[in-house]
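This report refers to the structure that appears directly beneath it.
Printed below as a string of structure tokens:
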């Protein structure tokens, strides 16, 4: 425009650009995750020496015969490889799934309060799981509870989407409100099943424990259930990274830049349903992970989803692993429910964000 | 070479006409300015032209193709729209915002290519915001944000640019910069459509004027034929005084009513 602007060839100042923090932050979070995985396997009711953990992990990961494990007791080997490793991996995948789902939904719905809990998926999953426990299906096979939880989480989201969609358009406000309504309805259903089972102490206890979220006695089978869903959900999310950025500027701006808005909504909701459904199916209800992790990440890396999504996945994984370590060790030998830990730490942290960083997280 | 045409297109919402059937053609190398009081349908007309609003009657064509047969992506490669509302509450940097203009050209799961970066650089320079590239948009003034949005539309390299009151939040110098830029772009063969409030700016820069009032097209044509006092009095509900600038072009001055006119004239 002005002649000076056309002639200037110097690069603009880039010091404060959050993209310059991307690589350090992402590698830091990657290291944190590795460290968390290791801590998660080492600590518990019976602490295992780090050297023993490393040897057992190496022996199982490397080809047979490379590492000599004869010096390690059978008990330690079982604890490390068959009990703790799958549990820690499930924790990581659940944290990844919830944080990724939350980050996408907050972006899509342009609402800093959006989380997997808000659009009915968590409540749907809980209802399905509670039904599975109450009918006795859960006792018959390891597969029934997660399967029912997953299906009802997906079902809940389909219902919310169908209610909110009229003539091919899904207004964000209607989507959120129908999510709130379905949440209440499913919560009532869960309470009903629970009260019908109240006389059956064991079943009622199992339901209540499940609703409080936890990762006790998760096995390699659970890892196998949740890993493909989280992977697929993450891949689907990756296809709309740029669209999510553009959508933050409003639907009209996005449309004028060639974004097919309803397609993005369907894609994100599918991904979020897969991720949350899988997470709820293997861990019960863990609140605040999907809400808080993306906000923490945005404070450091800014709003662009190509940074927020991977960083949220890494941070969410570490957070749930470490929360689970706390749940296992804080009242040794008793285990605290994981949902209690995530809410106890998540809620005050969210309040802190609300009171001090309102503007950055889009609430001011 | 892109000709954007409204064929008897109108928009009704809830039984109320926002814009009655209108036919207008925007041609390459020309600046078409839409003038009219608030609520006259300028923004509706621009959104209709941009394909952001489906016509209730008639249709819109871009180079003889109905907009409805074009995909969002195809349309966004050829036509860029700059909204009037510059409110942005997301802390993207200026550069990131302008990079979004490349969105219609990018495939899924790919990064910006060197050609995209070049287009972004050129757009930043042309909109005179090169020095702001690393700043978060939320920290900028309204005028700077307006230029960011203009840069984003330039980054699309679209042949048609539609701008809704692009000078509304700008100071005089930057308003002139934006209008000069439009003039330059028209000179390069782009098709430009502007909603404007400043009649004198429209008189100076536009090659075609469209006057609207209460959702109706009142008249259209070259500035010298469209802009005369009786016409303006009728459309804007004012008393218009036509005076001569030093270069001979007409300048208009407005009074709310006849009485005020005579008071000032004394």
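Residue numbers (this note's numbering), protein chains in the order written: chain D, 1 to 364; chain W, 365 to 630.
Every residue, glycine too, gets a C-beta built ideally from N, C-alpha and C.
What does residue 271 (chain D) reach in chain W if we use C-beta pairs closer than 9 Å?
On the first chain, residue 271 (chain D) is found 271 positions in, with the first residue counted as 1. Those within 9 Å of residue 271 (chain D) in chain W number zero; the least Cβ separation is about 14 Å.
Span separating the alpha-carbon of residue 221 (chain D) from that of residue 330 (chain D):
By one-based count along the first chain, residue 221 (chain D) stands at place 221. By one-based count along the first chain, residue 330 (chain D) stands at place 330. For residue 221 (chain D) and residue 330 (chain D), the distance between alpha carbons rounds to 27 Å.
For a contact meaning CB atoms closer than 9 Å, what does residue 303 (chain D) contact in chain W?
To locate residue 303 (chain D), count along the first chain from 1; it is residue 303. Near residue 303 (chain D) (Cβ distances below 9 Å), the residues of chain W are 454, 455, 456, 460.
In chain D, what lies closer than 7 Å to residue 673 (chain W) by C-beta?
Here chain W covers residues 365 to 630 and nothing more, so residue 673 (chain W) does not appear.
For residue 445 (chain W), go through chain D and note every residue whose CB falls closer than 7 Å to its CB, in chain order.
By 1-based counting over the second chain, the position of residue 445 (chain W) is 81. 256, listed in chain order.
Under the rule that 16 or more other beta-carbon atoms within 10 Å means buried, what is residue 9 (chain D), buried or exposed?
Taking the first residue of the first chain as 1, we reach residue 9 (chain D) at position 9. Its pLDDT being 44, under 50, residue 9 (chain D) is placed unreliably by the model, and nothing is read from it.
Hey, could you find the ends of the beta strand (DSSP E) residue 369 (chain W) is sitting in?
Within the second chain, the letter at position 5 stands for residue 369 (chain W). Start and end: 368-377.
Positions along the stretch 403-433 of chain W whose CB lies within less than 9 Å of some CB in chain D
Correct list: 411, 414, 415, 416.
Cβ pair residue 309 (chain D), residue 241 (chain D) closer than 8 Å:
Sequence index remark: in the first chain, residue 309 (chain D) carries index 309 (1-based). Sequence index remark: in the first chain, residue 241 (chain D) carries index 241 (1-based). Their beta carbons are under 8 Å apart, which means residue 309 (chain D) touches residue 241 (chain D) by this criterion.
Could you tell me which residues DSSP puts in a beta bridge with residue 38 (chain D)?
Reading the first chain from its first residue, position 38 is the one you call residue 38 (chain D). According to DSSP, which records beta bridges pairwise, residue 38 (chain D) is partnered with nothing at all.
Using the beta-carbon count (16 or more within 10 Å), is residue 334 (chain W) buried or exposed?
Residue 334 (chain W) falls outside the range modelled here, since chain W spans only 365 to 630, and no answer is possible.
DSSP-derived helix/strand/coil call for residue 259 (chain D)
Position 259 of the first chain, counted from the start, is the residue given in the question as residue 259 (chain D). Residue state, collapsed to three classes: coil.
At a Cβ cut of 7 Å, what residues of the stretch 96-109 of chain D count as close to chain W, listed as they run along the chain?
Cβ contacts with chain W: none found.
Within a Cβ cutoff of 6 Å, which residues of the same chain sit near residue 130 (chain D), ignoring the five residues on either side of it in sequence?
Taking the first residue of the first chain as position 1, residue 130 (chain D) is located at position 130. Result list for residue 130 (chain D): 190, 193, 207, in chain order.
Please name the residue or residues paired with residue 346 (chain D) in a DSSP beta bridge.
For the purposes of this step, residue 346 (chain D) is taken as residue 346 along the first chain, with counting starting at 1. DSSP lists no partner for residue 346 (chain D).
Name the residue from D:62, D:201, D:46, D:122 whose alpha carbon lies nearest to the alpha carbon of residue 273 (chain D).
Against the first chain, residue 273 (chain D) aligns to sequence position 273. Cα-wise, what sits closest to residue 273 (chain D) is D:122.
Can the beta-carbon of residue 236 (chain D) be found less than 8 Å from the beta-carbon of residue 276 (chain D)?
Within the first chain, residue 236 (chain D) is the residue found at index 236, counting from 1. Within the first chain, residue 276 (chain D) is the residue found at index 276, counting from 1. In this structure, residue 236 (chain D) keeps its C-beta atom at 8 Å or more from the C-beta atom of residue 276 (chain D).
Would you call the CB atoms of residue 78 (chain D) and residue 55 (chain D) closer than 8 Å?
Locating residue 78 (chain D) in the first chain gives position 78, counting from the first residue. Locating residue 55 (chain D) in the first chain gives position 55, counting from the first residue. Cβ atoms of residue 78 (chain D) and residue 55 (chain D): not closer than 8 Å.
Identify the residues that DSSP records as bridge partners of residue 528 (chain W): which are they?
Along the second chain, one-based indexing puts residue 528 (chain W) at 164. For residue 528 (chain W), which the question treats as bridged, DSSP gives the partners W:559.
Spell out the partners DSSP gives residue 398 (chain W) in its beta bridges.
Here residue 398 (chain W) corresponds to residue number 34 of the second chain, with the count starting at 1. For residue 398 (chain W), which the question treats as bridged, DSSP gives the partners W:559, W:574.
Residues in the stretch 220-242 of chain D with C-beta within 7 Å of chain W's C-beta atoms, listed in sequence order?
Of all residues in the stretch 220-242 of chain D, only 238, 239, 242 come within less than 7 Å of chain W when Cβ atoms are compared, listed by chain position.
Verify whether the separation of the beta carbon atoms of residue 145 (chain D) and residue 132 (chain D) is less than 8 Å.
Along the first chain, read from residue 1 onward, the residue named residue 145 (chain D) stands at position 145. Along the first chain, read from residue 1 onward, the residue named residue 132 (chain D) stands at position 132. In this structure, residue 132 (chain D) lies closer than 8 Å to residue 145 (chain D) by Cβ.
Any idea what DSSP makes of residue 467 (chain W), helix, strand or coil?
Within the second chain, residue 467 (chain W) is the residue found at index 103, counting from 1. In this structure, residue 467 (chain W) counts as helix in the three-state DSSP scheme.
Please report the straight-line C-alpha distance between residue 338 (chain D) and residue 319 (chain D), rounded to a whole angstrom.
Position 338 of the first chain, counted from the first residue, corresponds to residue 338 (chain D). Position 319 of the first chain, counted from the first residue, corresponds to residue 319 (chain D). A direct Cα-to-Cα measurement between residue 338 (chain D) and residue 319 (chain D) gives close to 11 Å.
Residue from D:111, D:243, D:223, D:182 whose Cα sits closest to the Cα of residue 97 (chain D):
In the first chain, residue 97 (chain D) corresponds to position 97, counting from 1. The residue with the shortest Cα to Cα distance from residue 97 (chain D) is D:223.
Proximity test, Cβ basis, 8 Å: residue 356 (chain D) and chain W:
As a first step, residue 356 (chain D) must be located in the first chain, where it is residue number 356. No, residue 356 (chain D) lies away from the interface with chain W (no Cβ there is under 8 Å from its Cβ).
Determine the DSSP secondary structure at residue 444 (chain W), reduced to helix, strand or coil.
The residue you call residue 444 (chain W) lines up with position 80 of the second chain. Reduced to three states, the DSSP call for residue 444 (chain W) is strand.
Any contact of the stretch 311-326 of chain D with the stretch 246-263 of chain D, i.e. 3+ C-beta pairs under 8 Å?
Contact fails: fewer than three Cβ-Cβ distances are below 8 Å.
Run of the beta strand (DSSP E) containing residue 383 (chain W), from where it starts to where it stops
Position 19 of the second chain, counting from 1, holds the residue named residue 383 (chain W). Per DSSP, residue 383 (chain W) belongs to the beta strand (DSSP E) from 380-390.
Report the three-state DSSP secondary structure of residue 12 (chain D) (helix, strand or coil).
Counting from one through the first chain, the residue named residue 12 (chain D) turns up at place 12. For residue 12 (chain D), the pLDDT reaches just 46, beneath the cut-off of 50, and the residue's location in the model is therefore unreliable, although a value from the coordinates is still provided. Three-state DSSP puts residue 12 (chain D) in coil, outside helix and strand.
Does the ligand GDP have a heavy atom nearer than 7 Å to the CB of residue 370 (chain W)?
For the structure depicted, the ligand GDP is absent and the ligand set is empty, with no information on it obtainable.
Nearest by alpha-carbon distance to residue 454 (chain W): which of W:502, W:441, W:488, W:478 is it?
Indexing the second chain from 1 puts residue 454 (chain W) at position 90. Here the closest residue by C-alpha is W:502.
With H, G and I counted as helix, E and B as strand and the rest as coil, what does DSSP make of residue 430 (chain W)?
As a first step, residue 430 (chain W) must be located in the second chain, where it is residue number 66. Strand at residue 430 (chain W).
Contacts of residue 468 (chain W) in chain D (Cβ-Cβ under 8 Å)
On the second chain, position 104 is the one that residue 468 (chain W) refers to. One finds 257, 258 in chain D with Cβ atoms closer than 8 Å to the Cβ of residue 468 (chain W), taken in chain order.
Closer than 7 Å by beta-carbon distance: list the chain W residues that pair up with residue 252 (chain D), in chain order.
In the first chain, the residue the question calls residue 252 (chain D) occupies position 252. Within 7 Å Cβ-Cβ: 416, 447.
Close-in-space but distant-in-sequence residues of the same chain around residue 583 (chain W) (CB under 6 Å, 5 per side omitted)
Translated into positions along the second chain, residue 583 (chain W) becomes position 219. Only 575, 590 meet the Cβ criterion.
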